[in-house]
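Count the sequence shown with the working numbering and you get residues 232 to 995, in order.
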Amino acid sequence: MVQEKILKCFDYETYHEGENKVLKVSLEKCTFPPSIEYSGVCMSKVIDALIANSGITIIILTQLREYEYDFAQTSILNEIAAVYKKLNRDERQAHSRIVTDPQHERYIRGSYAQFQRLISKQLKEDPLSAFVELKRLERREKAKLDALIDERHSQSQQIFLQIMQEAIAIIEHTTLIRTLMPHTHEYDLGTRQIYQNVLNPTTKPDFMYTKVITEFPEGNFEESYNFMSGEDTIQVNIFSFNDEIKVMYHITPPEFRFTEEEYGLLDNAKRILAEHKPTREEFVDPERMREVFLNIGRDLLKDLVQHNNSMVTDSKVDQLAHALLRYTVGFGLIELLLADPKVQDVNINSPNGELPIFIVHQDYGDCYTNVYPTHAEVESWATKLRLISGRPLDEANPILDTELKVVGFSSRVSTITAPLSPTGLAFSFRRHRDFPWTFPLYSQSKIRYMDSMAAGLLSFVIDNNAAILVAGTRSSGKTSLLGSFLTEIMRKTRIITIEDTFELPQESMRKLGYNIESLKVASALSSPGSEVDPSIGIRSTLRMGDSAIFVGEVRSKEAIALFEAMRVGAAANVVAGTIHADSPYGVYDRVVNDIGVPKTSFKAIDIIVTTNPVISGLKKYKRILRITEVRKEWDEDPLKEGAFVDLMVYNPKTDKLEITDELKNGNSVILKRMAGKVKEFAGDWSAVWDNIELRAKCKQAIVDIAEEEKNDSILEADFVTRANDVFHIISDRVKDAVGTLDSHRIFFEYNDWIRKEVKKRKIE
C-alpha cells in the first residue's frame with residue numbers, strides 16, 4: 232500500500248476541474264478554524280495563496296469537512312489580493328520617496344508606520360477593519376495638517392495624506408467593501424460576523440464529492456416532510472419566494488448529522504475501500520454487488536470502531552455503512568433524491584459544479600435543490616453507468632440510455648457528453664413508481680388522470696384484444712399509463728415487453744404472478760453494436776406464440792415492425808405501445824410521414840389514447856385528453872375522411888373526461904367490431920355499453936372503499952389484479968348460471984367480495 236503524504240498546516244494544491252481552477256487547502260494540522268469569514272489568519276493565508284496563484288476560481292478548505300467558496304466569493308477575494316499586491320508595491324515606492332528623506336521622515340514616522348501595518352498586514356486579515364482604521368487615520372492626519380504652522384512639516388503631511396487617500400479610494404471601490412458598507416451600522420471593529428454577508432461557503436463531509444448548501448434560504452416556508460431511505464430518515468423542506476417563480480427543494484442528508492468521530496470513521500473506511508477497483512463482472516448484478524459491498528463496509532467499520540475504542544452503536548454502524556455504500560459504489564445524493572416518493576425526475580446539467588440539481592416534484596413541479604454535484608462526482612456516475620449497462624459513453628458515442636435499480640427505487644437514466652454536450656456530462660433520471668400504476672389509482676380524486684368511465688372503456692378494449700397506441704408529449708405519463716394496461720390483462724395471458732431501457736414494471740408484474748417475458752433491444756439513439764435492433768426484437772415476438780405485446784416506445788423504423796405485429800396480432804391478443812405525439816393526427820403524421828409506415832399499415836391501430844399535461848396557473852396536471860378510435864374506411868387523409876372518432880374528450884372547464892355523442896349513441900365501429908367476436912355482445916350494443924358501465928362501476932367501487940377506509944394500499948396492483956381476476960371469475964360464473972352477463976348480479980357479488988377482502992386485510 233502506498234503511504235499517504237503527510238500534509239502540513241495550509242499545504243495546498245491547484246488543479247483544473249472543468250472550466251474552473253481550484254485552490255484546495257488542507258487545514259487538518261492547523262489550529263485555526265477552516266473559515267475565511269471567521270478567521271483572520273485563514274483569510275491572510277488564502278490571500279497569500281491567491282497572490283501566488285493567478286486565475287483561481289474556486290477555493291476549497293478541508294478539515295474533516297470541505298468548505299467551498301464559489302466563483303463569486305473567490306472573485307471578491309481575488310480582488311482583495313490584487314489590491315493588496317498593488318498597494319504594497321506602491322507603498323514601497325512611496326516609502327523610498329518619503330521615509331528615506333530625512334526632511335519628511337522626522338515628521339511622519341509614527342503615522343506612516345501605522346499606515347504600513349494597516350495595508351501590509353491588516354488588509355489581508357480583516358479588510359473592513361483595515362478600511363475603517365484607514366478612514367480614521369485619514370481624519371486624524373487631516374486635523375493635524377490643518378493645525379500645522381511649519382511649512383516643511385505641512386508639505387510632508389500633504390504627501391502622506393495623498394498616498395493614504397489613494398490607497399483608501401482603491402480599497403473603497405472593491406466589491407467587498409461596497410457590499411459590506413450598508414451593514415456597518417451593526418459593525419464593531421475587530422468582529423468578523425459581518426463577513427457572512429458575502430462569504431458563505433457550501434459545506435460537505437470530506438468523504439463526499441457533492442456540495443450541499445445547508446443553510447435555509449430567505450424565502451417562504453411551504454412544507455416540511457420526512458421520508459425513509461433504508462434505515463435513514465431524510466428531511467425535506469420546500470421554500471417559495473415572493474420575487475421568483477422558482478421553488479427550492481432543500482434536502483438534509485443523514486450524513487450531516489454525524490459526529491466528528493463518525494466522520495473520521497467514514498473517511499478512513501472510504502480511503503481503504505477506494506483501493507479496490509471494481510470490474511465489469513461485479514456490475515453484472517448491481518443488487519448483489521451492493522449487498523456484498525454493504526457487508527464489507529459494515530465489517531470494516533466495526534473493525535475501525537474496535538481499533539479506535541470508539542463508542543459507536545451497532546445501529547449507527549449500519550447507518551454509516553449505508554452512507555459508505557452510497558459514496559463508494561453508489562450514486563451519492565442522487566440515491567437520496569430518487570428515494571423520495573414525491574420526486575419524479577432528477578436532472579443534472581452541465582457545466583458540473585456550477586449548477587444545482589433540478590427535480591420535478593409531485594406537488595410543486597419544477598424545483599431546484601440545495602445540492603451541487605462536482606465534476607469528479609459526475610465522472611464517477613458516468614463510469615458506473617458504463618459498467619452497469621455495458622454500453623459505451625464517449626465522444627464517438629455521446630448518448631447513453633440505461634436503467635438504474637437500487638433497493639427502494641428504480642429509474643431510467645439518460646446521459647449525454649461531449650461533443651453533443653460541449654460543456655460536459657449531463658444526466659436525466661426518471662424515477663419509476665415503486666409499484667405499477669393501476670386504473671383505480673389514476674381515478675382517485677387527488678390524481679384524476681382518468682375517471683372510472685374511461686377506466687371501464689379502456690378495460691373493455693384491452694380485454695377484447697385492441698391495438699392501442701398511447702400518445703403524448705414528454706413527461707405526460709405515457710409509459711406509466713402503458714404499465715397500468717398490464718394490470719388489466721388476465722394473469723393467464725403471456726405478455727412480452729420490448730424496450731431499449733426497462734421502464735415497464737416487469738419485475739413487479741412477475742412478482743404478482745404474471746407470465747411475462749422482457750426483451751431488451753438496442754437504443755434508437757445509440758450506435759450499432761452487439762444489441763439487437765428493435766425491429767428484429769418486435770418481429771421475433773411473432774414467433775414466440777400467442778402473447779400480448781407491449782413496446783416501451785416507438786421512436787424509429789421499429790414502428791414498421793410494430794404495425795406488422797398489430798396487423799398479425801390484433802385478432803389474437805392486445806398489442807400496445809407509446810409514441811411522442813400530441814393528437815391522433817399527430818400520431819399519423821409521425822408514423823406515416825416521419826417514420827415511413829405505409830398508410831394501409833396505419834389502419835392496424837384501433838385506439839389512440841392521448842395524454843398531455845394540463846396547465847392551471849403555475850401548475851401542471853397530467854390528464855388523458857381523449858380516447859379516439861381509428862376507423863378503417865379511408866384512403867388518403869384520415870383526418871379529412873373522418874377516420875379519427877373521439878369516444879371520450881377532456882373538458883378543461885369541468886376537469887373531466889366526457890363521453891361523446893358517438894359513444895353514447897353506439898356509433899363506434901371499433902367497439903362493434905370487437906363485440907362481433909364475443910357471443911354475448913354480438914349485434915347488441917346495449918350489452919356492450921352495459922359491460923363498459925359495469926367495469927367502470929367496479930373500478931369506482933375500489934376507489935370508494937379505499938377513500939372510506941383511508942387505505943390507499945387497496946388501489947395498488949396486488950389488490951387490483953386480484954380484483955380483476957375475481958371480476959372475470961364472477962362474470963363467467965354468472966354467465967353460466969343465468970345465460971347472460973347480468974351486470975347487477977356481477978357487481979353485487981364483486982362489491983361483496985371487495986368489502987369482505989378489505990375487512991380480512993384489516994384483521995390481518
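All residues carry an ideal CB built from backbone N, CA and C; glycine is no exception.
Kindly list the residues whose CB is nearer than 7 angstroms to the CB of L411, restricted to its own chain and excluding five residues on each side of it in sequence; keep chain order. One-based indexing of the sequence shown puts residue 411 at position 180. So the qualifying residues of the chain are L359, I425, N428, V429.
Cβ distance (whole Å) where L349 is taken to contact E364 below 8 angstroms: Here residue 349 is taken as the residue at index 118 of the sequence shown, counted from 1. Here residue 364 is taken as the residue at index 133 of the sequence shown, counted from 1. At roughly 6 angstroms, the Cβ-Cβ gap stays under 8 angstroms, so L349 and E364 are in contact.
Under 8 angstroms, with one C-beta from each stretch per pair, do the stretch 650–666 and the stretch 852–870 reach the 3-pair mark? no
On the three-state DSSP scale, how would you describe S778? Sequence index remark: in the sequence shown, residue 778 carries index 547 (1-based). Reduced to three states, the DSSP call for S778 is coil.
Using the Cα positions of K941 and L743, report the straight-line distance between them to the nearest angstrom. As a working note, residue 941 is residue 710 in the sequence shown. As a working note, residue 743 is residue 512 in the sequence shown. Each residue's alpha carbon lies about 24 angstroms from the other.
For L525, which of D549, N540, D545, N539 has the nearest alpha-carbon? Numbered from its first residue, the sequence shown carries residue 525 at position 294. Nearest option by C-alpha distance: D549.
For the candidate residues V965, G687, E947, D967, whose alpha-carbon lies nearest to that of V919? If you number the sequence shown from 1, residue 919 lands on position 688. Of V965, G687, E947, D967, the residue nearest in Cα terms is G687.
Which residues in the same chain as I289 place their Cβ atom closer than 8 angstroms to its Cβ, once the five residues preceding and following it in sequence are excluded? Position 58 of the sequence shown, counting from 1, holds the residue named residue 289. So the qualifying residues of the chain are E248, N251, K252, V253, L254, E299, Y300, D301, F302, T305, G584.
Range covered by the beta strand (DSSP E) that runs through H481: Here the question's residue 481 lines up with position 250 in the sequence shown. 475–483 is the span of the beta strand (DSSP E), which, as asked, contains H481.
Any contact between the stretch 442–451 and the stretch 470–486? By contact I mean 3 or more CB pairs, one from each, below 8 angstroms. yes
Euclidean distance between Cα positions of A361 and S285: One-based indexing of the sequence shown puts residue 361 at position 130. One-based indexing of the sequence shown puts residue 285 at position 54. About 24 angstroms.
What does the alpha-carbon distance come out to for the pair T406 and A313? Looking up residue 406 in the sequence shown gives position 175. Looking up residue 313 in the sequence shown gives position 82. Taking the straight line joining both Cα atoms gives about 12 angstroms.
By DSSP's criteria, I729 is part of a beta bridge. Which residues make up the other side? Counting from one through the sequence shown, the residue named residue 729 turns up at place 498. Answer is L750, V782.
Whole-angstrom C-beta distance between P264 and S270, which should lie under 8 angstroms: As a working mapping, residue 270 is identified with position 39 in the sequence shown. As a working mapping, residue 264 is identified with position 33 in the sequence shown. Yes, S270 and P264 are in contact; Cβ-Cβ is about 5 angstroms, under 8 angstroms.
For I311, which residues from the same chain have a beta carbon less than 7 angstroms from its beta carbon, with the 5 sequence-adjacent residues on both sides left out? Locating residue 311 in the sequence shown gives position 80, where the first residue counts as 1. For I311, where only same-chain residues beyond five positions count, the Cβ hits under 7 angstroms are I278, P358, T405, L407.
Does DSSP classify D866 as helix, strand or coil? Along the sequence shown, read from residue 1 onward, the residue named residue 866 stands at position 635. Correct three-state label for D866: coil.
When the Cα atoms are used, what is the spatial distance from D837 to L531? Here residue 837 refers to the residue found at position 606 of the sequence shown. Here residue 531 refers to the residue found at position 300 of the sequence shown. Cα to Cα, the separation comes out at about 60 angstroms.
With respect to the beta strand (DSSP E) encompassing V930, which residues constitute its N-terminal and C-terminal limits? Within the sequence shown, numbered from 1, the residue matching residue 930 stands at position 699. In the sequence as presented, Val is not what sits at residue 930; that position holds Lys. No beta strand (DSSP E) contains K930, which is instead part of the alpha helix (DSSP H) from 916–940.
Run of the beta strand (DSSP E) containing Y680, from where it starts to where it stops: Here the question's residue 680 lines up with position 449 in the sequence shown. Where Y680 is concerned, there is no enclosing beta strand (DSSP E), given that its DSSP letter is neither H nor E.
Sequence-distant residues of the same chain with beta carbon closer than 7 angstroms to S739, five excluded per side: As a working mapping, residue 739 is identified with position 508 in the sequence shown. Closer than 7 angstroms at the Cβ level, and outside the excluded window around S739, lie F666, P667, A948.
Quick one: any contact between the stretch 708–726 and the stretch 607–623, if contact means 3 or more CB pairs under 8 angstroms? no
Proximity below 8 angstroms, CB of P653 to CB of I933: Taking the sequence shown and counting its residues from 1, the one referred to as residue 653 is at position 422. Taking the sequence shown and counting its residues from 1, the one referred to as residue 933 is at position 702. Not a contact, by the Cβ cut-off of 8 angstroms.
Is the CB-CB distance between I826 and V861 below 8 angstroms? Against the sequence shown, residue 826 aligns to sequence position 595. Against the sequence shown, residue 861 aligns to sequence position 630. In this structure, V861 does not lie closer than 8 angstroms to I826 by Cβ.
Quick one: what's T809 bridged to in DSSP? Position 578 of the sequence shown, counted from the first residue, corresponds to residue 809. Per DSSP, V701.
Does the stretch 619–627 come close enough to the stretch 553–570 to have 3 or more Cβ pairs within less than 8 angstroms? no
Option nearest V637 by Cα separation, candidates I287, D625, H663: As a working note, residue 637 is residue 406 in the sequence shown. The option with the nearest alpha carbon to V637 is H663.
Among residues of its own chain, excluding the 5 on either side of T891, which ones have a beta-carbon nearer than 7 angstroms to its beta-carbon? Your numbering for residue 891 matches position 660 in the sequence shown. Excluding positions up to five away in sequence, the list reads D877, L878, M879, V880.
With burial defined as no fewer than 16 other Cβ atoms inside 10 Å of the residue's Cβ, what is the status of Y246: buried or exposed? The residue you call residue 246 lines up with position 15 of the sequence shown. Its Cβ having fewer than 16 others within 10 Å, Y246 is exposed.
Just verifying my parser: in three-state terms, what is the DSSP assignment at A792? To locate residue 792, count along the sequence shown from 1; it is residue 561. DSSP places A792 in helix when its eight states are reduced to three.
Can you give me the C-alpha to C-alpha distance between R722 and N695, rounded to a whole angstrom? The residue labelled residue 722 in the question sits at position 491 within the sequence shown. The residue labelled residue 695 in the question sits at position 464 within the sequence shown. Their Cα atoms are separated by approximately 15 angstroms.
Residue(s) in a DSSP beta bridge with F458: In the sequence shown, residue 458 corresponds to position 227, counting from 1. I465, per the DSSP bridge assignment.
Report the rounded CA-to-CA distance for I977 versus I699, giving the unit in angstroms. Position 746 of the sequence shown, counted from the start, is the residue given in the question as residue 977. Position 468 of the sequence shown, counted from the start, is the residue given in the question as residue 699. Distance between the alpha carbons of I977 and I699 is about 27 angstroms.
Buried or exposed for S581, please, with buried defined as at least 16 other CB atoms from any protein chain shown within 10 angstroms of its CB. Mapped onto the sequence shown, residue 581 falls at position 350. Counting Cβ neighbours within 10 Å, S581 comes out buried, since at least 16 surround it.
Look at the alpha carbon of V644 and the alpha carbon of D632, and state the distance between them as a whole number of angstroms. Taking the sequence shown and counting its residues from 1, one reaches residue 644 at position 413. Taking the sequence shown and counting its residues from 1, one reaches residue 632 at position 401. Between V644 and D632, the C-alpha separation is close to 6 angstroms.
Who are the Cβ neighbours of S641 in its own chain at under 6 angstroms, not counting the five residues just before and after it? Mapped onto the sequence shown, residue 641 falls at position 410. The residues are H663.
Do N942 and the ligand ADP come close, with the Cβ less than 7 angstroms from some heavy atom? In terms of ligand content, the structure shown is empty, and the ligand ADP therefore cannot be addressed.
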